[in-house]
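For the sequence shown, the positions run 28 to 172 when the numbering used here is used.
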Amino acid sequence: MRISDILRVKGERVVTVSPEADVTELLSVLAEHGIGAVIVSRDGSRVEGIVSERDIVRALAERGAAVLSEPVAAIQTTEVRSVDREAAVDEVERLMTERRFRHVPVIENGSLRGVVSIGDVVKFRIDELVHERSTLEEYITGERA
Ligand code: AMP
Numbered sequence: 028m029r030i031s032d033i034l035r036v037k038g039e040r041v042v043t044v045s046p047e048a049d050v051t052e053l054l055s056v057l058a059e060h061g062i063g064a065v066i067v068s069r070d071g072s073r074v075e076g077i078v079s080e081r082d083i084v085r086a087l088a089e090r091g092a093a094v095l096s097e098p099v100a101a102i103q104t105t106e107v108r109s110v111d112r113e114a115a116v117d118e119v120e121r122l123m124t125e126r127r128f129r130h131v132p133v134i135e136n137g138s139l140r141g142v143v144s145i146g147d148v149v150k151f152r153i154d155e156l157v158h159e160r161s162t163l164e165e166y167i168t169g170e171r172a
């Protein structure tokens with residue numbers, strides 16, 4: 028199964044923030060959308076970085092509340108690992124586990140086409156298991172669930 032199968036269900040909408048926005052604005056964006064990370068981009072297409080709750084927590088622990096008025100650029104991660112739509116879900120799962128991050132942007136021809144979170148991957152796996160289980164039950168009992 029591929030990342031395009033996840034995007035087909037969840038859609039390609041991606042929340043982005045400019046690197047010049049301050050951390051207080053970033054907090055509002057995270058809270059408003061109920062998400063844990065935002066892609067940093069000026070034009071909504073070229074990925075300049077990623078910033079997650081963890082980056083805010085780390086910066087607050089290191090520098091205190093002054094971080095709230097710093098720009099997003101001061102706390103973002105700029106070396107972003109991305110995948111394309113054809114990437115296997117297994118491969119992305121492995122990337123998230125090994126590198127310990129919960130978000131991966133999907134990029135096609137240099138343009139941002141979606142974000143897959145660990146929650147999306149877990150949901151995908153659960154749906155897959157439920158489907159497999161009912162197919163097996165149907166096979167064994169000859170009855171549709
Ligand atoms: P997360 O688990 O996604 O909240 O992020 C944990 C840390 O990894 C934070 O420092 C993020 O900025 C960073 N991070 C998250 N996603 C990625 C990614 N796809 N590529 C590189 N770094 C990332």
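We put the beta carbon where it would ideally sit given N, CA and C, even for glycine.
Integer Cβ distance of residue i from residue j, believed to fall under 8 Å
i   : j    : result
R29 : V149 : Incorrect: roughly 17 Å between the Cβ atoms, too far for contact.
L57 : E89  : Between E89 and L57 the Cβ distance is about 19 Å, and since that is not below 8 Å, they are no contact.
V74 : L139 : 6 Å
Counted within 10 angstroms of its Cβ, other Cβ atoms place residue i as buried (16 or more) or exposed
i    : result
S161 : exposed
R141 : The sequence shown places Gly at residue 141, rather than the Arg named in the question. So G141 ends up on the buried side.
V36  : exposed
L163 : exposed
V78  : buried
D111 : exposed
L53  : buried
D147 : buried
D82  : buried
V67  : buried
V84  : exposed
Residue i versus the options, residue with shortest Cα-Cα distance
i    : options                   : result
R40  : L156, A58, V65 and L54    : V65
H60  : V44, V110 and R35         : V44
G76  : A86, L54, T105 and R90    : T105
R69  : V42, L54 and A86          : V42
I33  : I62, S72 and A114         : A114
R129 : G91, S144 and E118        : S144
S72  : H158, I153, G169 and G137 : G137
R152 : R108, V119 and I167       : V119
Beta carbon proximity, residue i to chain C, threshold 8 Å
i   : result
T43 : Here there is only one protein chain, and chain C is not present.
Q) Are there three or more Cβ pairs, one per stretch, closer than 8 Å when the region 85-100 is compared with the region 110-126? A) Counting C-beta pairs closer than 8 Å gives fewer than three between the region 85-100 and the region 110-126, which falls short of the contact rule.
Q: Kindly confirm or deny that the region 131-151 and the region 45-53 touch, where touching means at least three C-beta pairs closer than 8 Å.
A: No contact exists between the region 131-151 and the region 45-53.
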